[in-house]
Amino acid sequence: MVVREAGGRVAHPALPALAGAALARLGPGLRAALAILGFILLWTLVTASGLVNRELFPSPGMVWSAAVELWDEGALGSDLTASLGRAATGFVLGSVSGILVGLLTARTRVFSVALTPLLTLLRPIPAIALVPLAIVWFGVGEGSKYFVIGYTVFLAVWLNTHHGAAGIAGTYIRASRSLGASTRREFFEVVLPAAAPHIVAGLRMGAALAFLSLVAAELSGASSGIGYRIQEARQFFRTDRLFVGLIELGLLGALLDVAFVAVSRRVIHWEH
Numbered sequence: 331m332v333v334r335e336a337g338g339r340v341a342h343p344a345l346p347a348l349a350g351a352a353l354a355r356l357g358p359g360l361r362a363a364l365a366i367l368g369f370i371l372l373w374t375l376v377t378a379s380g381l382v383n384r385e386l387f388p389s390p391g392m393v394w395s396a397a398v399e400l401w402d403e404g405a406l407g408s409d410l411t412a413s414l415g416r417a418a419t420g421f422v423l424g425s426v427s428g429i430l431v432g433l434l435t436a437r438t439r440v441f442s443v444a445l446t447p448l449l450t451l452l453r454p455i456p457a458i459a460l461v462p463l464a465i466v467w468f469g470v471g472e473g474s475k476y477f478v479i480g481y482t483v484f485l486a487v488w489l490n491t492h493h494g495a496a497g498i499a500g501t502y503i504r505a506s507r508s509l510g511a512s513t514r515r516e517f518f519e520v521v522l523p524a525a526a527p528h529i530v531a532g533l534r535m536g537a538a539l540a541f542l543s544l545v546a547a548e549l550s551g552a553s554s555g556i557g558y559r560i561q562e563a564r565q566f567f568r569t570d571r572l573f574v575g576l577i578e579l580g581l582l583g584a585l586l587d588v589a590f591v592a593v594s595r596r597v598i599h600w601e602h
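Just so you know, we're using my numbering here: the sequence shown kicks off at 331 and counts up by one.
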C-alpha cells in the first residue's frame, strides 16, 4: 500500500516494519534458526576484526575445533552422559518431592503452618552455598550432586505447586462438594486439574535450575561432567573448551524447555 504525504511525496513503509512483518510470517523454528545464524555471523565478524583477543574470546571456528577435539578424546560424550544422568536423577527427586509437599502445604493446614515458614527461609539459599555442606554429608560421590540439584528443583516446584493448589477458587470446591464429590474425587478432578498449569510451570523452571545447580555441584568433587570440564578448561586457560561447555548447557536447556512446552500443550490442553 502506497501512502502519499502532504505535497504529493510518496511515504515508503519503514524497513524495520517490513522486516518485522516478514519475520512474523516465518515459523518459530525458522525464526530461531535465523537468530542463531545471525548471532554466529556477528560473533565471527567481531573475532575476525582483531578488536578482541582470541585467547580470551575464541572464534566460532576455534570453538568448533575444540568440540571436535573433545569428541575425538571421548570426553564430550562421557561428560554429557554423566551430567544428564545427574541432572535427571536430581530433577526427579526434587520434582516428585516438591509436588507432594506443595500439595500438602496448600491443602492441609497442619503442613502449611509447620513447613511453609521453613521452606520460605530456605528459598534464598543458593545451590552453590550448599556444595560444601553436601560434600560433608554425602562425600564427593554422586550423592552430594543429587542433593544439590534435588534441593534446587524441589524449592522451585514446591513454590509453584503450593501457589497453584492454594489459589483454587472456593466456588469450585463448594460446587464439587454440593454435588456430593468425595474427598478423593475432589482432589483428582478439581484440585489437580486447577493446579496443573502451575505444576508444569514449576517443573519447567526446575528443569532449567537443575542445569544451573548441576554446574555448581560439578565444580567441586567431580571427575567428569560438563561443569568439571568447564573448571578444567579454566585452569588450563582453554577458553575454546570453556565455550563448548557453555554452549552445551545452553542447548540442553533450550531443548528441554521446548520439550516441556510441547508436553504441557498436550497434558493441560484446556489451558491452550
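Even for Gly, the Cβ is constructed at its ideal location relative to N, Cα and C. All values reported here derive from a predicted model rather than from experimental measurement.
Check	Outcome
Once you ignore the five residues that flank M392 on each side, which residues in its own chain have a CB closer than 6 Å to its CB?	D570
Return helix, strand or coil for N490, following the three-state DSSP convention.	helix
Could you tell me if T374 is buried or exposed, where buried requires 16 or more neighbouring beta carbons within 10 angstroms of its beta carbon?	exposed
Taking the C-alpha atoms as reference points, what is the distance between A496 and G368?	44 Å
What does the Cβ neighbour count give for G480, buried or exposed, with the cut at 16 atoms within 10 Å?	buried
Buried or exposed: where does V521 fall if 16 or more other Cβ atoms within 10 Å of its Cβ makes it buried?	buried
Whose CA, out of V440, L582, L434, A552, lies closest to the CA of F517?	L434
Kindly indicate the opening and closing residues of the alpha helix (DSSP H) around L451.	439-452
Quick check on the DSSP output: the alpha helix (DSSP H) that includes F573 runs from which residue to which?	569-597
Let's test the definition: count the other Cβ atoms within 10 Å of the Cβ of V440 and tell me whether it reaches 16, buried, or not, exposed.	exposed
Look at V487 and S543 and say whether their C-beta atoms are less than 7 Å apart.	no
Short check: CB of G532 to CB of N490, under 7 Å?	yes
What would DSSP say about A499, mapped onto helix, strand or coil?	coil
Going by the CB atoms, is the gap between R416 and K475 shorter than 7 Å?	yes
Report buried or exposed for P388, applying the criterion of at least 16 other Cβ atoms within 10 angstroms of its Cβ.	buried
Keeping to the same chain, check which residues put their C-beta closer than 7 Å to that of L400; ignore five residues upstream and five downstream.	L406, R571, V574
Spatial neighbours of A396 within its chain, please: C-beta separation below 6 Å, excluding the five flanking residues on both sides.	D570, R571, V574
Please report the Cβ distance between L485 and L449, rounded to the nearest whole angstrom; I am assuming they are in contact, meaning their Cβ atoms lie under 8 Å.	7 Å
In chain order, what residues of the same chain have a beta carbon less than 7 Å from the beta carbon of V483, not counting five sequence neighbours either side?	G420, F421, G424, S425, G428, G536, L539, A540
By the three-class DSSP mapping on this structure, what secondary structure does V564 have?	A quick correction: the sequence has Arg, not Val, at residue 564. Looking at R564 - three-state DSSP - the assignment turns out to be helix.
Where L582 and S508 are concerned, what is the direct C-alpha to C-alpha distance, given to the nearest angstrom?	47 Å
Roughly how many angstroms separate the alpha carbons of V382 and I577, rounded to a whole number?	20 Å
Between F590 and the rest of its own chain, which residues show a CB-CB distance below 8 Å, the 5 nearest in sequence each way excluded?	V530, L533, R534, A537
Helix, strand or coil: how does DSSP classify S506 here?	helix
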